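Here the structure is laid out as C-alpha cells; the discussion comes afterwards.
Number of protein chains: 2
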Amino acid sequence: MASRVQRKSAVPPAPQRKSRRAHGGVTLQDVARLAGVSPITASRAINQPEVVSEDTRERVQRAIRKTGYTPNLLAGGLASSRSRLVAVVVPTLTGPMFMETIQALTERLAEVGYQVMIGQSGYDNAREDELLSAIIGRRPDGIVLTGVVHSARGRVRLAAAGIPVVETWDFIPTPIDMLVGFSHESIGPEVATFFRQRGCKRVAVLSADDERAVRRAKSFAAAAHALRIAAGKTAEASCEWLPALTSLGVGRRGFAALLERLPRVDGVFCSSDVVAQGVLAEAQARGLRVPEDVAVMGFGDLAFAPDLHPPLTTVRVDANEMGRVAADLILKRVAGESVRKRVVDVGFAIVGRGSA
Amino acid sequence: MASRVQRKSAVPPAPQRKSRRAHGGVTLQDVARLAGVSPITASRAINQPEVVSEDTRERVQRAIRKTGYTPNLLAGGLASSRSRLVAVVVPTLTGPMFMETIQALTERLAEVGYQVMIGQSGYDNAREDELLSAIIGRRPDGIVLTGVVHSARGRVRLAAAGIPVVETWDFIPTPIDMLVGFSHESIGPEVATFFRQRGCKRVAVLSADDERAVRRAKSFAAAAHALRIAAGKTAEASCEWLPALTSLGVGRRGFAALLERLPRVDGVFCSSDVVAQGVLAEAQARGLRVPEDVAVMGFGDLAFAPDLHPPLTTVRVDANEMGRVAADLILKRVAGESVRKRVVDVGFAIVGRGSA
DNA sequence: CCATAAAATGATAGCGCTAACATCCCGGCT
DNA sequence: AGCCGGGATGTTAGCGCTATCATTTTATGG
Chain A
37 MASRVQRKSA VPPAPQRKSR RAHGGVTLQD VARLAGVSPI TASRAINQPE VVSEDTRERV
97 QRAIRKTGYT PNLLAGGLAS SRSRLVAVVV PTLTGPMFME TIQALTERLA EVGYQVMIGQ
157 SGYDNAREDE LLSAIIGRRP DGIVLTGVVH SARGRVRLAA AGIPVVETWD FIPTPIDMLV
217 GFSHESIGPE VATFFRQRGC KRVAVLSADD ERAVRRAKSF AAAAHALRIA AGKTAEASCE
277 WLPALTSLGV GRRGFAALLE RLPRVDGVFC SSDVVAQGVL AEAQARGLRV PEDVAVMGFG
337 DLAFAPDLHP PLTTVRVDAN EMGRVAADLI LKRVAGESVR KRVVDVGFAI VGRGSA
Chain B
37 MASRVQRKSA VPPAPQRKSR RAHGGVTLQD VARLAGVSPI TASRAINQPE VVSEDTRERV
97 QRAIRKTGYT PNLLAGGLAS SRSRLVAVVV PTLTGPMFME TIQALTERLA EVGYQVMIGQ
157 SGYDNAREDE LLSAIIGRRP DGIVLTGVVH SARGRVRLAA AGIPVVETWD FIPTPIDMLV
217 GFSHESIGPE VATFFRQRGC KRVAVLSADD ERAVRRAKSF AAAAHALRIA AGKTAEASCE
277 WLPALTSLGV GRRGFAALLE RLPRVDGVFC SSDVVAQGVL AEAQARGLRV PEDVAVMGFG
337 DLAFAPDLHP PLTTVRVDAN EMGRVAADLI LKRVAGESVR KRVVDVGFAI VGRGSA
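Residue numbers (our numbering), protein chains in the order written: chain A, 37 to 392; chain B, 37 to 392.
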C-alpha cells in the first residue's frame, strides 16, 4: 500500500477514513472475532459445516447466537455468484391457476435455503422488458416463467443472461432453456371426443382470451367441427370469448351471451373451472339441467371442482408437479449437473364427474 | 496507472492473479470504458441522471444499449445498503384473501423499481425463525407481514433488524413498527347487530381456526350471545370450527355438521366468502332457502361474491388499499421521511346483498 | 522419529457497485 | 488579474462475503 504524493509532514496522524457502516449490523467479522477464528473459517462453519472441526463449529455457533448474526445474502451472493434466489414470472397474482405451482416451487426451494421473488407481467407485454431487467439485475440462480409468452427480444435477453430458465404451463418445441408443461393443443381434441362420447351434438367453448386459453379453445373448436358436433356453423363461430381476467360473474354473463347466439348448445368447454362455475350458476338460474340439457367441462381441477353442484367434470393438470419439477431442474443446474431431459410433459387428464 | 511493487526482474511477467469473473457478464466498468467516462460517472448517469451532463448521459445510454448491460443489484445493494427489495410474508399462497393485497403492493413498488420477495409462513409457527433469517439476510428495505402474530422472539428479531416493518390485515395496539389493517374484534358485534336487524333469532358462526378468523368468530359469538340471538346455549357452542385451509367443500361439510348440532340455526356468519359459498351450496342441496330459512354472511367480498346465487352479503375489507398503503409507508421510510401515522385503520363495511 | 498425506485454518484479493471526498473547469464578480 | 461558487467528473475506499491458494496442524505409516 504505497501512500501517495505527500510523504513528509506526519501532521495528519490518522486520516480518519470514512466508514459507511450505517447499519450497526453484526458482520461475519464480529462473529469470527468472538469465536476466535478467522472470518473465512466462520464462513465455512456456516456454509460447509463438515469441513471445520467440531470444536470450531460449536464456538462459531455460539458466537452467532450470542450476537444475533444474520448473514448478509447480498454480500454472499455477490462474492459467490450464487444468489439463492429464484424469480417467478406470473401474468397475475390473483387467480388461483398458477398459485399452486408457485406454492409447490416455493416450498421445494425453501427446503434448500432458496427464496422466491415474484414478478408480475400482466397480460400485456408492455412492461415486460422492464420486468426482465429487474429480474436479471438481481442475478437469480433461476427463472421460472409460468407459461408467459415473451417477445423475441425478451427471449434473447433471457437466453443471453446465462441463467437457467424453466418455462411452465405450456409446451412448445423450442423452449428458451428448459420446460415443464403440457400441450394445450392436445387438450381440445380429447375434450371434443369426450363430449361426443357423452352424446353431445352441439358443443361450444367459452374461453378467456389469454394466449394459452385461446389455443385450447381453438383446438377444441376445430376438433368439434371436424367431429361434426360444433354448435356454430364454423369453428370460430363456436367460440365465445371472455376477457383474460375471468371470474364467476364473467363466466355467467359469457354463458348468457353464448346462449343468445347459440340457443341449442348442449355442451360447453370452459377455459377454467372458475368460468365453469359461472356457467353452472347461470344454468341453474335459467332452469337448465346439467348435464342433461347442457354438459359442462372446466379446466384446472381447482379445489372447489368436486364440491360444486353437480360436481364439475374438468381437465386436470398437475400444478404442483410443475412447481416441484421446475424447482428440481433449476437446483440440478445450479449444482452443475447437466440436465438431460430439458423438456418434461406432465400431461393432463379429464376427470369425469357429474357435470358432463 | 501506477504499476505495483515489483519493478526489477521482469521474470514473472504477470502474476496472473485469479479472476473470479465466471459470468462473462458486462459490468459497469465496461460500460464506462466504452462511454469514455469513469465508472462512477456511468453509475450516476444511470441512477441520478439529473446530475450528469446531457452529453455524458447520452453516451452512457448508448454504451448500455450496445453492451446489453444490466446493473447488478446485489452489488448495488451491498454498496448502498438499499436492496430495493421488499419482503412479504403470507400464511399461504393459495387462498385469494391476501393475493389482492400483494398484487397492489407489487404494482405500487414496481413503479419505483422495487421488487417483492415472497415468504410463506404456513399457519404453524415452526419454520418461522428460519423464514425470518432468510428474509433479514436479504436485507430488504421493508417487510410486510400479512397478519401479525409471530413469536415474541420473532418480533424482537424484526424490531432489532432495523428494517421498516408493516403489519397488515390486523389491528393491534402495539405494532412492531407500522401497521395498516382493521380490527377483527370490531367486526363481530356489527355483524351480530346486522343479523338481529334482519330478524334472525338463532345465529352461529362457521369459521376457519386460523388466528384472526377465530378472533372474528369469538367476538361475533359473544355479541350474538349478548343480544340473545345465539343459536347455541353458550357463545362457544355457537361456533363451528373448520381447518385453517378452507375450501368450498370444507364449508359445505362444515355447515352440514353445524346443522346437525344446531338444526334450528337461522343465520350463519362465515369466516370467508369461500366458506359462505359452501354454505350456499349445501343449503341449496338441502332445499333450505337463503335468506328466508337461513341468512348467510361471508367475509372478504371476493370477486365472485356479487355473482353468487343469491348474491352474497359479506364484510368487505379493502385489500388493495392495504397493499398500497403498506407500500407507501415503506417507501416513505426508505426515503428518510418520518412517518407520523404509523397505524392506519382501513376499516370494513358490511355489504348487504341477497343472502342476508 | 521423521517423512507424507490429509485435515483444518488462514491470508489475500476480489465480486460490482456506490458513498464520501477531491479535483477540475468555467463563468461571474470585485 | 484574482477569487469565488457551483456544476461536472474523478479518486479512493470500502459494503460483507467467499474463491483461491498458502500455511499450519494433525493423523499415518515406515
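C-beta atoms are modelled at their ideal positions from N, C-alpha and C, and glycine is treated no differently. This one's a predicted model, so the numbers in the text were calculated from it and none came from an experiment.
For Phe384 of chain B versus Phe218 of chain B, is the C-beta distance shorter than 8 Å?
Here residue 384 of chain B corresponds to residue number 348 of the second sequence, with the count starting at 1. Here residue 218 of chain B corresponds to residue number 182 of the second sequence, with the count starting at 1. Yes; because the gap between Cβ atoms is below 8 Å, this pair is in contact.
Sub-8 Å separation of Pro176 of chain B and Ala140 of chain B beta-carbons:
Counting from 1 along the second sequence, the entry for residue 176 of chain B is found at position 140. Counting from 1 along the second sequence, the entry for residue 140 of chain B is found at position 104. Between Pro176 of chain B and Ala140 of chain B, the CB-CB gap reaches or exceeds 8 Å.
Please name the residues in the segment 340–359 of chain A whose beta-carbon is closer than 8 Å to at least one beta-carbon of chain B, in chain order.
Residues passing the 8 Å Cβ filter: Phe340, Pro342, Asp343, Leu344, His345.
In the DSSP assignment, the beta strand (DSSP E) including Thr182 of chain A goes from what residue to what residue?
The residue labelled residue 182 of chain A in the question sits at position 146 within the first sequence. Thr182 of chain A -> beta strand (DSSP E) spans 178–182.
Collapsed DSSP secondary structure at Val67 of chain A in the structure displayed:
Here residue 67 of chain A refers to the residue found at position 31 of the first sequence. Three-state DSSP puts Val67 of chain A in a helix.
Is it the case that the Cβ atoms of Val63 of chain B and Thr77 of chain B are separated by a distance below 8 Å?
For the purposes of this step, residue 63 of chain B is taken as residue 27 along the second sequence, with counting starting at 1. For the purposes of this step, residue 77 of chain B is taken as residue 41 along the second sequence, with counting starting at 1. Reading the sequence as shown, one finds Thr at residue 63 of chain B and not Val. No, these two residues do not count as a Cβ contact at 8 Å.
Can you pull out the residues from the segment 123–137 of chain A whose beta carbon lies closer than 9 Å to at least one beta carbon of chain B?
With the criterion set as a beta carbon lying under 9 Å from some beta carbon of chain B, the members of the segment 123–137 of chain A are Ala123, Val124, Thr128, Leu129, Thr130, Gly131, Pro132, Met135, Glu136, in sequence order.
Enumerate in chain order the residues of its own chain whose CB-to-CB distance from Arg232 of chain A is below 6 Å, with the five nearest sequence positions on each side excluded.
The sequence position of residue 232 of chain A within the first sequence is 196, counting from 1. Result list for Arg232 of chain A: Leu263, Ile265, in chain order.
Using a Cβ-Cβ distance under 8 Å, would Val47 of chain A count as near chain B?
Reading the first sequence from its first residue, position 11 is the one you call residue 47 of chain A. Reliability fails at Val47 of chain A, whose pLDDT of 36 lies under 50, so the model's placement of it is uncertain and no value is given.
Buried or exposed for Arg252 of chain A, please, with buried defined as at least 16 other CB atoms from any protein chain shown within 10 angstroms of its CB.
For the purposes of this step, residue 252 of chain A is identified with residue 216 of the first sequence, where counting begins at 1. It counts as buried.
Name the chain B residues whose beta carbon is nearer than 9 Å to that of Ile100 of chain A?
Within the first sequence, residue 100 of chain A is the residue found at index 64, counting from 1. Here the premise fails: no neighbours, minimum Cβ distance about 10 Å.
If you measure from the beta carbon of Ile154 of chain A to each beta carbon in chain B, is any gap under 8 Å?
Reading the first sequence from its first residue, position 118 is the one you call residue 154 of chain A. Yes, Ile154 of chain A lies at the interface with chain B (some Cβ there is under 8 Å from its Cβ).
Does the segment 266–277 of chain A touch the segment 221–241 of chain A, meaning 3 or more C-beta pairs lie closer than 8 Å?
The answer is yes - the segment 266–277 of chain A touches the segment 221–241 of chain A, with three or more Cβ pairs under 8 Å.
In this structure, what does DSSP give as the bridge partners for Cys306 of chain A?
To locate residue 306 of chain A, count along the first sequence from 1; it is residue 270. Answer is A:Leu242, bridged to Cys306 of chain A.
Rounding to the nearest angstrom, what Cα-Cα distance links Val361 of chain B and Val216 of chain B in this structure?
Counting from one through the second sequence, the residue named residue 361 of chain B turns up at place 325. Counting from one through the second sequence, the residue named residue 216 of chain B turns up at place 180. Spanning the two alpha carbons is a distance of roughly 7 Å.
Kindly confirm or deny that the segment 63–74 of chain B and the segment 96–110 of chain B touch, where touching means at least three C-beta pairs closer than 8 Å.
Flag = yes, the segment 63–74 of chain B and the segment 96–110 of chain B touch.
Taking only heavy atoms of the ligand GDP into account, decide whether any of them is closer than 7 Å to the Cβ of Ser116 of chain B.
Ligands displayed in this structure: none; no statement on the ligand GDP is therefore possible.
What does Ser169 of chain A reach in chain B if we use C-beta pairs closer than 9 Å?
The count along the first sequence starts at 1 and reaches residue 169 of chain A at position 133. Going along chain B in sequence order, the residues near Ser169 of chain A (Cβ under 9 Å) are Thr106, Pro107.
Looking at Ser283 of chain A: is its Cβ nearer than 8 Å to the Cβ of Ser243 of chain A?
Looking up residue 283 of chain A in the first sequence gives position 247. Looking up residue 243 of chain A in the first sequence gives position 207. In this structure, Ser243 of chain A does not lie closer than 8 Å to Ser283 of chain A by Cβ.
From Val311 of chain A to Val286 of chain A, what distance separates their C-alpha atoms?
Translated into the one-based positions of the first sequence, residue 311 of chain A becomes position 275. Translated into the one-based positions of the first sequence, residue 286 of chain A becomes position 250. Their Cα atoms are separated by approximately 7 Å.
With a threshold of 8 Å between beta-carbons, can Ile265 of chain B be considered close to chain A, or not?
Within the second sequence, the letter at position 229 stands for residue 265 of chain B. Answer no: the Cβ-Cβ gap between Ile265 of chain B and chain A never drops below 8 Å.
Using the beta-carbon count (16 or more within 10 Å), is Arg376 of chain B buried or exposed?
Reading the second sequence from its first residue, position 340 is the one you call residue 376 of chain B. Arg376 of chain B comes out exposed.
Test item: CB-CB of Pro132 of chain B and Pro127 of chain A under 8 Å
One-based indexing of the second sequence puts residue 132 of chain B at position 96. One-based indexing of the first sequence puts residue 127 of chain A at position 91. Remark: C-beta atoms of Pro132 of chain B and Pro127 of chain A do not approach each other more closely than 8 Å.
Against chain A, does Arg175 of chain B count as a neighbour if the rule is that its beta carbon must be under 8 Å from one of theirs?
Within the second sequence, the letter at position 139 stands for residue 175 of chain B. Under the 8 Å criterion on CB atoms, Arg175 of chain B is classed as interfacial with respect to chain A.
Could you tell me whether the Cβ atoms of Gly372 of chain A and Thr350 of chain A are closer together than 8 Å?
Locating residue 372 of chain A in the first sequence gives position 336, where the first residue counts as 1. Locating residue 350 of chain A in the first sequence gives position 314, where the first residue counts as 1. Contact: no.
For Gly314 of chain A, which residues in chain B fall below 9 Å Cβ to Cβ?
Residue mapping note: residue 314 of chain A aligns to position 278 of the first sequence, counting from 1. Phe340, Asp343, listed in chain order.
Using the C-alpha atoms, what's the distance from Val382 of chain B back to Glu136 of chain A?
Translated into the one-based positions of the first sequence, residue 136 of chain A becomes position 100. Translated into the one-based positions of the second sequence, residue 382 of chain B becomes position 346. Those two C-alpha atoms are separated by around 29 Å.
Would you report the Cα separation of Arg300 of chain A and Leu324 of chain A, rounded to the nearest angstrom?
Looking up residue 300 of chain A in the first sequence gives position 264. Looking up residue 324 of chain A in the first sequence gives position 288. Cα to Cα, Arg300 of chain A sits roughly 12 Å from Leu324 of chain A.
For Asp165 of chain A, count neighbouring Cβ atoms within 10 angstroms of its own Cβ and tell me buried if that reaches 16, exposed if not.
The residue you call residue 165 of chain A lines up with position 129 of the first sequence. An exposed status is given to Asp165 of chain A, since fewer than 16 other beta-carbon atoms sit within 10 Å of its beta-carbon.
What residue ranges within the segment 96–129 of chain B form continuous beta strand (DSSP E) runs of no fewer than 3 residues, ordered along the chain?
Runs of the beta strand (DSSP E) inside the segment 96–129 of chain B: 121–126.
Looking at the strands, I want to know which residues DSSP matches up with Trp277 of chain B.
On the second sequence, position 241 is the one that residue 277 of chain B refers to. Looking at the DSSP output, Trp277 of chain B shares a beta bridge with B:Ser243.
How would you call Gly183 of chain A, buried or exposed, if buried means at least 16 neighbouring beta carbons within 10 angstroms?
As a working note, residue 183 of chain A is residue 147 in the first sequence. In summary, Gly183 of chain A is buried, with 16 or more beta-carbon neighbours lying within 10 Å of its beta-carbon over all protein chains present.
In the DSSP assignment, find the unbroken alpha helix (DSSP H) run with Asp165 of chain A in it and report its ends.
On the first sequence, residue 165 of chain A is found 129 positions in, with the first residue counted as 1. Segment 164–173, the alpha helix (DSSP H) holding Asp165 of chain A.
Give me the residue from B:Trp205, B:Leu281, B:Pro327 with the minimum Cα distance to Gly336 of chain B.
As a working note, residue 336 of chain B is residue 300 in the second sequence. That would be B:Trp205, whose Cα lies nearest to the Cα of Gly336 of chain B.
In chain order, which beta strand (DSSP E) runs of at least 3 residues are fully inside the segment 186–222 of chain A?
Within the segment 186–222 of chain A, the runs of beta strand (DSSP E) at least 3 residues long that lie entirely inside it are, in chain order, 201–204, 214–217.
Count the other C-beta atoms from every protein chain shown that fall within 10 angstroms of the C-beta of Ala195 of chain B, then say buried if there are 16 or more, exposed otherwise.
Walking along the second sequence from the start, residue 195 of chain B turns up at place 159. When all chains shown are included, Ala195 of chain B counts as exposed.
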